[in-house]
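Colleague: Below is one structure. I have some questions about it.
Number of protein chains: 2
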Amino acid sequence: MSSMDAKCPHNTETNCGDCRMNALCLPLALQTNEVAQLDEIIQRGRPLQKDRHIYNAGEEFKSVFAVRSGSIKSYTVSNDGQEQVTGFHLPGEIFGMDGIAHNHYTNSALAMETAAVCEIPFSRLQELSIAIPSLQNHFFQLMSKEITNDQHLITLLSKNSAEERVATLLLSISNRNLRRKLSGARFRLPMSRADIGNYLGLTVETVSRVFGRFQKQDLLKVDKKEIEVLDFDKLRALAN
Amino acid sequence: MSSMDAKCPHNTETNCGDCRMNALCLPLALQTNEVAQLDEIIQRGRPLQKDRHIYNAGEEFKSVFAVRSGSIKSYTVSNDGQEQVTGFHLPGEIFGMDGIAHNHYTNSALAMETAAVCEIPFSRLQELSIAIPSLQNHFFQLMSKEITNDQHLITLLSKNSAEERVATLLLSISNRNLRRKLSGARFRLPMSRADIGNYLGLTVETVSRVFGRFQKQDLLKVDKKEIEVLDFDKLRALAN
DNA sequence: CGACGATCTTGACCTAGGTCATCTTAAGGT
DNA sequence: ACCTTAAGATGACCTAGGTCAAGATCGTCG
Numbered sequence: 002m003s004s005m006d007a008k009c010p011h012n013t014e015t016n017c018g019d020c021r022m023n024a025l026c027l028p029l030a031l032q033t034n035e036v037a038q039l040d041e042i043i044q045r046g047r048p049l050q051k052d053r054h055i056y057n058a059g060e061e062f063k064s065v066f067a068v069r070s071g072s073i074k075s076y077t078v079s080n081d082g083q084e085q086v087t088g089f090h091l092p093g094e095i096f097g098m099d100g101i102a103h104n105h106y107t108n109s110a111l112a113m114e115t116a117a118v119c120e121i122p123f124s125r126l127q128e129l130s131i132a133i134p135s136l137q138n139h140f141f142q143l144m145s146k147e148i149t150n151d152q153h154l155i156t157l158l159s160k161n162s163a164e165e166r167v168a169t170l171l172l173s174i175s176n177r178n179l180r181r182k183l184s185g186a187r188f189r190l191p192m193s194r195a196d197i198g199n200y201l202g203l204t205v206e207t208v209s210r211v212f213g214r215f216q217k218q219d220l221l222k223v224d225k226k227e228i229e230v231l232d233f234d235k236l237r238a239l240a241n
Numbered sequence: 002m003s004s005m006d007a008k009c010p011h012n013t014e015t016n017c018g019d020c021r022m023n024a025l026c027l028p029l030a031l032q033t034n035e036v037a038q039l040d041e042i043i044q045r046g047r048p049l050q051k052d053r054h055i056y057n058a059g060e061e062f063k064s065v066f067a068v069r070s071g072s073i074k075s076y077t078v079s080n081d082g083q084e085q086v087t088g089f090h091l092p093g094e095i096f097g098m099d100g101i102a103h104n105h106y107t108n109s110a111l112a113m114e115t116a117a118v119c120e121i122p123f124s125r126l127q128e129l130s131i132a133i134p135s136l137q138n139h140f141f142q143l144m145s146k147e148i149t150n151d152q153h154l155i156t157l158l159s160k161n162s163a164e165e166r167v168a169t170l171l172l173s174i175s176n177r178n179l180r181r182k183l184s185g186a187r188f189r190l191p192m193s194r195a196d197i198g199n200y201l202g203l204t205v206e207t208v209s210r211v212f213g214r215f216q217k218q219d220l221l222k223v224d225k226k227e228i229e230v231l232d233f234d235k236l237r238a239l240a241n
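Protein sequences, first through last, are from chains A and B.
Here this note's numbering is used: the first residue of the first sequence is 2, the next is one more, and so on.
Here this note's numbering is used: the first residue of the second sequence is 2, the next is one more, and so on.
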């Protein structure tokens, strides 16, 4: 499951240099000739359909992944069987770094919709990081960013109300869309209400009610998963 | 504040090879000759008294730190001024890695009691990681472990009751004491009830009540900060 | 096209833990 | 030793969000 066929006929882009995401993704910090080296170790996968796992918790860790299209969620399962969504990954973002510590993945990752990912074998990435110090540096930064993201979520869960949590998630998705040159004001949520609730430590019902209240206050227009932000100032004030 | 004088007359140990923590700390993955190289870049600080900051959020990131003795807490301050404790660091543990992503620290770190830390300039560590691949690998693992730790806390905050949270923290501290060959059953909590509550997303009152209940159920003996675990099975069952 | 299951919404009610107020105890400072 | 301040414990009360139950919508597959 976790390893994919190297080349795929469906893809028009066959390397990082041509990929629309290369300004956001791993090649970010690299020179043209270095990107070519990175390209040699990256494996591009065929499209994954909705609900397909990229890897499962407990599997041997071999690679980190980059989202090329679609969206991915990461989640852990605790001893008593309940799921905790730990992250949503959009195009240009890297996931799978939790596996490095223990040599197996601690999260499972699955496609929330049709998606494509690039697989980056970690041992080769480590070798390449020795040859290209800026790649080592970039990867340290990516991991550190994951740490600071998780710490933001910790603060959110520990200190903020349901409305503040939902507002913060919406702004996060809006900002990540802007980074990809998409609209920050109108977008489609790739995840279900249940996933949102799980991620934010709330029940589905509460998420639903918050969306309802936000609409009543003319903060949002919500049509199922389609979101339009009507009042960014108020939303930012809530998210603080 | 964040940089300390290189050598200190108070310390009997002048290098990692002699340090009691070297089996837990950075030298863990290294050969003897490699430890000597690491030693050259590490700066040992004089003892820090209680409530002294090692660094403040916003300061330029230069180094990561290892706890040699005493205990440290990390915390962030949100826009509206409230504090979120993000971690407690005991001897042998590394902290400060959140600073890598943005070139300044996002957390502040302070000594919860008299403590000593080693400062490891990050740029030198990066250089050395290129020369010593196992050091690079070890450091990737440390950062990944920080990620999985944070994700455990996310799950705890999002899904568990007050009693479960407190039980989990107590077990964590107990286990980290065992790693240091100290008693896992009797120990002194270095942090206040307020810090525990803040870290676990609870109020001081709730923490106090949980300790009370745990005593009534003969799960613990609590004398101020002095803890004795009387029933590990029940505690583990709660922490799950 | 129609029916079944999944997802979402809404309402009524309940409870874990927050808030506020009081008291006790411990720890520094002079 | 005495005073002051911070830390901790405990009780009475309140509320945000959980739980449970009922509908409403949507999407899919025969």
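Yeah, the Cβ is synthetic: ideal placement off N, Cα and C, and Gly gets one too.
Bear in mind that the values here come from a model prediction, so they are computed numbers and not experimental data.
Interface residues of chain B around residue 225(A) at Cβ under 9 Å?
Modeller: Locating residue 225(A) in the first sequence gives position 224, counting from the first residue. What residue 225(A) touches in chain B: nothing, since even the nearest Cβ is about 25 Å away.
Colleague: Chain B beta carbons: is any one of them nearer than 8 Å to that of residue 85(A)?
Modeller: Start at 1 with the first residue of the first sequence, and residue 85(A) comes out as number 84. Yes, because at least one Cβ of chain B sits closer than 8 Å to the Cβ of residue 85(A).
Colleague: Starting from the beta carbon of residue 102(A), find every residue of chain B whose beta carbon is closer than 7 Å, and list them in chain order.
Modeller: As a first step, residue 102(A) is located in the first sequence; it is residue number 101 there, counting from the start. Chain B residues near residue 102(A): 142, 145, 146, 149.
Colleague: What residues from chain A crowd round residue 236(B), counting only those whose CB sits closer than 8 Å?
Modeller: What you label residue 236(B) is simply residue 235 of the second sequence in a count that begins at 1. What residue 236(B) touches in chain A: nothing, since even the nearest Cβ is about 15 Å away.
Colleague: Let me know if residue 18(B) comes out buried or exposed under the rule of 16 or more other beta-carbons within 10 Å of its beta-carbon.
Modeller: The count along the second sequence starts at 1 and reaches residue 18(B) at position 17. Exposed, because fewer than 16 other Cβ atoms sit within 10 Å of the Cβ of residue 18(B).
Colleague: Strictly below 8 Å CB to CB, what residues from chain A border residue 107(B)?
Modeller: Here residue 107(B) is taken as the residue at index 106 of the second sequence, counted from 1. Residues of chain A whose Cβ lies closer than 8 Å to the Cβ of residue 107(B) are, in chain order, 149, 152.
Colleague: Which residues of chain B have a Cβ atom closer than 8 Å to the Cβ of residue 137(A), listed in chain order?
Modeller: To locate residue 137(A), count along the first sequence from 1; it is residue 136. Per Cβ cutoff of 8 Å: 127, 130, 131, 137.
Colleague: Is the shortest distance between the beta-carbon of residue 98(B) and the beta-carbons of chain A less than 8 Å?
Modeller: Within the second sequence, numbered from 1, the residue matching residue 98(B) stands at position 97. Yes, its Cβ sits closer than 8 Å to a Cβ of chain A.
Colleague: Please report the straight-line C-alpha distance between residue 144(B) and residue 224(A), rounded to a whole angstrom.
Modeller: Indexing the second sequence from 1 puts residue 144(B) at position 143. Indexing the first sequence from 1 puts residue 224(A) at position 223. So the alpha carbons of these two residues sit roughly 40 Å apart.
Colleague: Could you tell me which chain B residues have their CB closer than 8 Å to the CB of residue 204(A), listed as they occur along the chain?
Modeller: For this step, residue 204(A) is matched to residue 203 along the first sequence. Per Cβ cutoff of 8 Å: no residues; residue 204(A) is ~11 Å from chain B at best.
Colleague: Anything in the region 37-48 of chain B with a Cβ closer than 7 Å to a Cβ of chain A? List those residues in chain order, please.
Modeller: none
Colleague: Taking just the CA atoms, how far does residue 174(B) sit from residue 36(B)?
Modeller: Residue mapping note: residue 36(B) aligns to position 35 of the second sequence, counting from 1. Residue mapping note: residue 174(B) aligns to position 173 of the second sequence, counting from 1. Roughly 28 Å between the two C-alpha positions.
Colleague: State whether the region 122-129 of chain A contacts the region 196-215 of chain A, with contact taken as three or more CB pairs (one from each stretch) at a distance under 8 Å.
Modeller: no
Colleague: DSSP state of residue 107(A), grouped into three classes?
Modeller: The residue labelled residue 107(A) in the question sits at position 106 within the first sequence. Coil.
Colleague: Taking the C-alpha atoms as reference points, what is the distance between residue 181(B) and residue 49(B)?
Modeller: Your numbering for residue 181(B) matches position 180 in the second sequence. Your numbering for residue 49(B) matches position 48 in the second sequence. When rounded, the distance between both Cα atoms is 21 Å.
Colleague: Since residue 118(B) and residue 55(B) are thought to touch, with beta carbons under 8 Å apart, how far apart are those beta carbons, to the nearest angstrom?
Modeller: What you label residue 118(B) is simply residue 117 of the second sequence in a count that begins at 1. What you label residue 55(B) is simply residue 54 of the second sequence in a count that begins at 1. The Cβ separation is near 6 Å, so the contact holds.
Colleague: Quick check on residue 20(A): does DSSP put it in helix, strand or coil?
Modeller: Locating residue 20(A) in the first sequence gives position 19, where the first residue counts as 1. In this structure, residue 20(A) counts as coil in the three-state DSSP scheme.
Colleague: With which residues is residue 224(A) paired in a DSSP beta bridge?
Modeller: Position 223 of the first sequence, counting from 1, holds the residue named residue 224(A). Residue 224(A) is bridged to 227(A).
Colleague: For residue 207(B), return the contacting residues in chain A, with the cut-off set at a CB-CB distance below 7 Å.
Modeller: For the purposes of this step, residue 207(B) is identified with residue 206 of the second sequence, where counting begins at 1. Simply none; closest approach about 13 Å.
Colleague: Would you please state the rounded distance, in angstroms, between the beta carbons of residue 211(B) and residue 167(B)? I believe it to be under 8 Å.
Modeller: What you label residue 211(B) is simply residue 210 of the second sequence in a count that begins at 1. What you label residue 167(B) is simply residue 166 of the second sequence in a count that begins at 1. Contact flag correct, Cβ pair sits at about 5 Å.
Colleague: Determine, using beta-carbon pairs with one atom in the region 185-202 of chain A and one in the region 226-241 of chain A, whether at least three such pairs fall under 8 Å.
Modeller: yes
Colleague: Name the DSSP beta bridge partners of residue 74(B), please?
Modeller: For this step, residue 74(B) is matched to residue 73 along the second sequence. DSSP, once it has assigned bridges, lists 89(B), 111(B) as partnering residue 74(B).
Colleague: Examine chain B for any beta-carbon lying closer than 8 Å to the beta-carbon of residue 2(A), and answer yes or no.
Modeller: Within the first sequence, numbered from 1, the residue matching residue 2(A) stands at position 1. Its pLDDT being 41, under 50, residue 2(A) is placed unreliably in this model, and the value from its coordinates should be taken loosely. Closer than 8 Å: no.
Colleague: Using three-state DSSP, classify residue 1(A) as helix, strand or coil.
Modeller: Here chain A covers residues 2 to 241 and nothing more, so residue 1(A) does not appear.
Colleague: Mind pulling the chain B residues with CB within less than 7 Å of residue 158(A)?
Modeller: Within the first sequence, residue 158(A) is the residue found at index 157, counting from 1. Ordered by position in chain B, the residues that pass the 7 Å Cβ test against residue 158(A) are 155, 158, 159, 202.
Colleague: Please classify residue 222(B) as buried or exposed, where buried requires at least 16 neighbouring CB atoms within 10 angstroms.
Modeller: The residue you call residue 222(B) lines up with position 221 of the second sequence. Residue 222(B) should be labelled exposed.
Colleague: What ranges does the alpha helix (DSSP H) occupy inside the region 120-193 of chain B, keeping only unbroken runs of at least 4 residues that lie completely in it?
Modeller: 123-132, 134-160, 163-180
Colleague: Where do the ends of the beta strand (DSSP E) carrying residue 1(A) lie?
Modeller: For residue 1(A) there is no data in the structure shown, the boundaries of chain A being 2 and 241.
Colleague: So is residue 81(B) in contact with chain A if we call contact Cβ pairs under 8 Å?
Modeller: Locating residue 81(B) in the second sequence gives position 80, where the first residue counts as 1. So yes, residue 81(B) belongs to the interface.
Colleague: DSSP beta-bridge partners for residue 214(B)?
Modeller: Translated into the one-based positions of the second sequence, residue 214(B) becomes position 213. According to DSSP, which records beta bridges pairwise, residue 214(B) is partnered with nothing at all.
Colleague: Do residue 114(A) and residue 66(A) have their CB atoms nearer than 8 Å?
Modeller: Taking the first sequence and counting its residues from 1, the one referred to as residue 114(A) is at position 113. Taking the first sequence and counting its residues from 1, the one referred to as residue 66(A) is at position 65. Result no, Cβ atoms of residue 114(A) and residue 66(A) do not sit closer than 8 Å.
Colleague: Going by DSSP, what residue range makes up the alpha helix (DSSP H) through residue 42(B)?
Modeller: In the second sequence, residue 42(B) corresponds to position 41, counting from 1. First-last of the alpha helix (DSSP H) with residue 42(B): 33-42.
Colleague: Which same chain residues end up closer than 7 Å to residue 22(A) when comparing Cβ atoms and leaving out the 5 residues on each side of it in sequence?
Modeller: In the first sequence, counting from the first residue as 1, residue 22(A) sits at position 21. Only 69, 92, 93 meet the Cβ criterion.
Colleague: By the criterion of Cβ-Cβ separation under 8 Å, what are the contact partners of residue 77(B) in chain A?
Modeller: For the purposes of this step, residue 77(B) is taken as residue 76 along the second sequence, with counting starting at 1. Close to residue 77(B), with beta-carbon spacing below 8 Å, are these residues of chain A in chain order: 152, 156.
Colleague: In whole angstroms, what is the alpha-carbon distance linking residue 146(B) and residue 102(A)?
Modeller: Along the second sequence, one-based indexing puts residue 146(B) at 145. Along the first sequence, one-based indexing puts residue 102(A) at 101. So the alpha carbons of these two residues sit roughly 5 Å apart.
Colleague: Taking the Cβ atom as the reference point for each residue, do residue 75(A) and residue 108(A) lie within a distance shorter than 8 Å?
Modeller: Counting from one through the first sequence, the residue named residue 75(A) turns up at place 74. Counting from one through the first sequence, the residue named residue 108(A) turns up at place 107. Cβ distance < 8 Å, so residue 75(A) and residue 108(A) count as in contact.
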